[in-house]
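Each remark here refers to the structure printed beneath this line.
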Amino acid sequence: MNKPKTLYPGMTAVHLGCMLGSPRHLALRRCGAAISRFAGRRVCSTMDQPEPITLRYFACQGRGQILRYMLFDSGRPFTDEIIGSEAEYNALPPGAMGICNYLPVYEGPDGSGGTMQLGQSKAITYHVAMLLGYTPATARESAKASEVFCLASEDVYSAILLGIWQTHMTGNPALVAAIPKMRQRLGNLETMLGARGALGASRPVDFSDFAALFAVDLIEQLFTPPAAASVLEPVPTVRGNAALLRQRSGVQAALERRCERMTGCPGEPEVVAAFREMEEKALEGAAGEYGGS
Ligand SMILES: N[C@@H](CCC(=O)N[C@@H](CS)C(=O)NCC(=O)O)C(=O)O
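Under this note's numbering, residues 1214 to 1506 are what the sequence shown spells out, in order.
Rendered as structure tokens:
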């Protein structure tokens, strides 16, 4: 047997094999375009690709979801390459995971007439946003979009994704510990988005809006419906913007194809079920929590 490849500390390719996808992930899904198998990997691509773009990522939402939202929403032809099994992971050609040896990886135009490979989900977000017209026109607006993006990604959705991982790996209720600040963080998101103006009325969609949408997505997937409603009720701009984005055909295409798993954590269903037993306790701690991360 091959020696397992080390992935995260304390985690091996054997874990990866478990963490990658339920049978649903491994099935071919409709994507409103051509679906084919290429080099053993599941691939969805739109037709008539003038300049190919490939997004390569695992069969989970994780650090790929806002990229998928942007790419689908743009209508730009791209290949959504989903690595759905350990065998597919092991069959990746050298260099497919980029310089960081991580996914997601972007391959496509560099915006300067050439092509490039890019790793790191945030760097990919900034690049794809620039390429596809999701970067605000002024430096000020761009900075304000980054502010929203950083809050939504680091303080909301990465906290949830890492909480799921840590809970699985340590057996501690790390997810519960990540939740008390969610109301405060969503409140900050509400203030920031409110200050920028509601989508459609005063400004076009930019990359940060997809990050805010994904934050809402994760909260709705993680909590029971009443708890999600109680967290989202006080943030009408966040909810309203998410609802507007979900009406867009590209976002709907991305949602139709959305991976079932939030993370690739092998124990995610159990972690989430256990969390729901404790969600009330987690939310009780939500008042008056400041500082730290
Ligand atoms: N900071 C990186 C983190 C990427 C990352 O942790 N990727 C994980 C999957 S979500 C991965 O590729 N794990 C496989 C490995 O470490 O070999 C980013 O934001 O892109």
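Built from N, CA and C at the ideal position, the CB exists for glycine as well.
In chain order, what residues of the same chain lie with their CB nearer than 6 Å to the CB of residue i, ignoring the 5 residues before and after it?
i	result
isoleucine 1392	Ala1495
serine 1366	Ala1424
valine 1389	Met1491 and Ala1495
aspartate 1368	Arg1398
glycine 1321	Ile1266
For residue i, which three-state DSSP category applies?
i	result
threonine 1351	coil
cysteine 1244	A caution first: cysteine 1244 carries a pLDDT of 36, below 50, which makes its placement in the model unreliable, though a value can still be read off. Here cysteine 1244 sits in coil by DSSP.
glycine 1234	With a pLDDT of only 36 at glycine 1234, under 50, the local geometry of the prediction cannot be trusted, and no value is derived from it.
Excluding five sequence neighbours on each side, which residues of the same chain lie with their C-beta closer than 7 Å to the C-beta of residue i?
i	result
methionine 1283	Val1341, Ala1342, Leu1345, Tyr1347, Phe1420 and Phe1423
proline 1317	Leu1268, Arg1269, Tyr1270, Arg1276, Gly1277, Leu1280, Ser1334 and Ile1337
In chain order, what residues of the same chain have a beta carbon less than 8 Å from the beta carbon of residue i, not counting five sequence neighbours either side?
i	result
alanine 1441	Ile1432, Glu1433 and Leu1435
serine 1443	Leu1496
Count the other CB atoms, across all protein chains shown, that sit within 10 Å of the CB of residue i; report buried if there are 16 or more and exposed otherwise.
i	result
isoleucine 1312	exposed
threonine 1383	exposed
proline 1236	Only weak support is given to the placement of proline 1236: the predicted model assigns it a pLDDT of 31, under 50, and the value that follows is read from those uncertain coordinates. It counts as exposed.
serine 1334	buried
threonine 1404	exposed
asparagine 1314	exposed
proline 1265	exposed
glutamate 1446	exposed
threonine 1450	buried
isoleucine 1460	For clarity, residue 1460 is glutamine in the given sequence; the question names isoleucine instead. It counts as exposed.
proline 1479	buried
threonine 1351	exposed
Runs of 4 residues minimum, wholly inside the segment 1404-1483: which ones carry the alpha helix (DSSP H) assignment? DSSP runs (the alpha helix (DSSP H)) wholly in the segment 1404-1483: 1420-1435, 1438-1445, 1449-1459 and 1462-1469.
Only counting runs of 3 or more residues, tell me where the beta strand (DSSP E) segments fall wholly within the segment 1290-1352, in order along the chain. Fully enclosed beta strand (DSSP E) runs of 3 or longer: 1292-1296, 1318-1322 and 1328-1332.
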